[in-house]
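Student: The sequence shown: position 223 = 223 (the working numbering), numbered continuously.
Where a beta carbon is used, it is the ideal one built from N, C-alpha and C, also for glycine.
I'd like to ask you about the structure that follows.
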Amino acid sequence: MNDVTERFARGTQLLLAQTKVGKLLVIAAPSGSEAAGLVRRVFACGTDGMAEGEVRPVQLSNQKLDLPLLSILAREFGLTLDDGSECERRGAILDEAFPSADHFPSAPEFSRFVREQCGADVDLLGHPDEALVALQEEEERFSAALEPRLLRQALRRKFAGERSLQLEKMTARQFDDILEATSSTLSSLKTRSGCALHHHVAHILSERGVSYTERGDADDAQPAGFILSVADAMSEADHPAERFLASKPELKDDWRKVFTDIEDIRVKYLLTLDCSISEASLEDMTAAGVRLVVPQPYRQTYPASLQRRIITFADFIEEVLEFQKNLPDADRRPR
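Here you go:
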């Protein structure tokens, strides 16, 4: 027994595995929790019909898993598998692109920089789902490389009048200042992650010829999204109907906040990279008139019964383009 195993409760779900170097890996999660569901999806292991205390083998395929595991581990568990050299390589690229120590690239500027780095490696037109995931993952990696630089800037501002800091002589106020600067930097990077998803979605929609009007400011913490004019069954001859797309990397329990003040738009879409949405939450979204959009690499982590109720980003684009074919030219350009 140790500090970790003593926290196991009755019914805890355990996944036991031997690593390539012979070490024992134990992943524990409360039974029935979102974390337990995520573990089952990532490792494709079912627990249906298992009795308490039963052990069931998991057959891992030798084929490469087509899952965004790096992002899943980082977003859901705060883990990163990038080694230090890779982070340093991206840091050097950032130093060359943004040489001024005081320059803090805006969210749109940083997302544009990431797309330039990806270049032809992403197929925006042919594979929008995979392209969106690749862009978001690359932005998260560059954000991790940007973190030390931003933290140094924050600490310089906090301690501008002090020549040096000696750990053994630091005051309580100085420790508090360091914690505040660290917390503020991490919070800023997390906020920018949501902004990044919005900017990459906007870029792909524009490249695919989808017309939209941006709502809100994705650079702020306010909800932002896209209003889409469509000629569907609910529209009149001279008055196109409107649909709304919001994007949010993680949903948790606050997905309703995204649709504040747009009750007048009947058809709503919510694009997310979240892999842990429960069936109950999905039913709540359906009841609220919200259709869930999940890029295919993430969508395939859901059970088949839920996948049928989730559309991919490519499906969403094709659906909207079909409804926009008969729009007047004035309503068919991004604004």
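Considering only C-alpha positions, which residue in the set V230, K257, F313 is nearest to T272?
Tutor: Counting from one through the sequence shown, the residue named residue 272 turns up at place 272. Out of V230, K257, F313, F313 has the C-alpha closest to the C-alpha of T272.
Student: Judging by CA-CA distance, which residue of L14, V55, P249 is the nearest neighbour of Y298?
Tutor: As a first step, residue 298 must be located in the sequence shown, where it is residue number 298. Selected option, being the one with the closest Cα: P249.
Student: Taking its Cβ as the centre, do 16 or more other Cβ atoms sit within 10 Å of T185, making it buried, or is it exposed?
Tutor: Indexing the sequence shown from 1 puts residue 185 at position 185. Burial call: buried.
Student: Mind checking L245: buried by the 16 CB within 10 Å criterion, or exposed?
Tutor: By one-based count along the sequence shown, residue 245 stands at place 245. Buried, because 16 or more other Cβ atoms sit within 10 Å of the Cβ of L245.
Student: Between which residues of its own chain and A29 is the CB-CB distance below 6 angstroms, once the five residues before and five after are set aside?
Tutor: Numbered from its first residue, the sequence shown carries residue 29 at position 29. Excluding sequence neighbours, A29 sits near Q13, A35, A36, V39.
Student: Out of E130, R152, E279, V267, point me to the one whose CA is closest to Y302's CA.
Tutor: Taking the first residue of the sequence shown as position 1, residue 302 is located at position 302. Measuring from the Cα of Y302, the nearest candidate turns out to be E279.
Student: Do you know how far the Cα of R192 is from the Cα of F113?
Tutor: For the purposes of this step, residue 113 is taken as residue 113 along the sequence shown, with counting starting at 1. For the purposes of this step, residue 192 is taken as residue 192 along the sequence shown, with counting starting at 1. Between F113 and R192, the C-alpha separation is close to 14 angstroms.
Student: Residues in its own chain within less than 7 angstroms of I310 by CB, not counting five upstream and five downstream?
Tutor: Taking the first residue of the sequence shown as position 1, residue 310 is located at position 310. Taken in chain order, the residues that qualify are L292, V294, R299, Y302.
Student: DSSP on S31, reduced to helix/strand/coil?
Tutor: To locate residue 31, count along the sequence shown from 1; it is residue 31. Coil.
Student: Output the distance between the C-alpha atoms of L146 and H200, rounded to the nearest integer angstrom.
Tutor: Counting from one through the sequence shown, the residue named residue 146 turns up at place 146. Counting from one through the sequence shown, the residue named residue 200 turns up at place 200. C-alpha separation (whole angstroms): 19 angstroms.
Student: Could you compute how far the alpha carbon of K169 sits from the alpha carbon of F175?
Tutor: Within the sequence shown, residue 169 is the residue found at index 169, counting from 1. Within the sequence shown, residue 175 is the residue found at index 175, counting from 1. Computed Cα separation, rounded: 11 angstroms.
Student: Taking the continuous beta strand (DSSP E) assigned at V267, which residues delimit it?
Tutor: Taking the sequence shown and counting its residues from 1, one reaches residue 267 at position 267. That run of the beta strand (DSSP E) goes 267-272.
Student: Between which two residues does the beta strand (DSSP E) carrying I317 extend?
Tutor: Sequence index remark: in the sequence shown, residue 317 carries index 317 (1-based). Here I317 belongs to no beta strand (DSSP E); instead the alpha helix (DSSP H) covers 313-324.
Student: Run through DSSP, which three-state label would K257 get?
Tutor: By 1-based counting over the sequence shown, the position of residue 257 is 257. Looking at K257 - three-state DSSP - the assignment turns out to be helix.
Student: What's the C-alpha gap between D284 and A97?
Tutor: Numbered from 1 along the sequence shown, position 284 holds the residue referred to as residue 284. Numbered from 1 along the sequence shown, position 97 holds the residue referred to as residue 97. Their backbone Cα atoms lie some 45 angstroms apart in a straight line.
Student: Could you check whether A134 and L124 sit closer than 7 angstroms to each other, using their CB atoms as the reference points?
Tutor: As a first step, residue 124 must be located in the sequence shown, where it is residue number 124. As a first step, residue 134 must be located in the sequence shown, where it is residue number 134. Going by C-beta atoms, L124 is not nearer than 7 angstroms to A134.
Student: Between Q136 and S211, is the Cβ-Cβ spacing less than 7 angstroms?
Tutor: The residue labelled residue 136 in the question sits at position 136 within the sequence shown. The residue labelled residue 211 in the question sits at position 211 within the sequence shown. Contact flag unset, no.
Student: Just how far apart, CA to CA, sit L16 and P57?
Tutor: Start at 1 with the first residue of the sequence shown, and residue 16 comes out as number 16. Start at 1 with the first residue of the sequence shown, and residue 57 comes out as number 57. Each residue's alpha carbon lies about 9 angstroms from the other.
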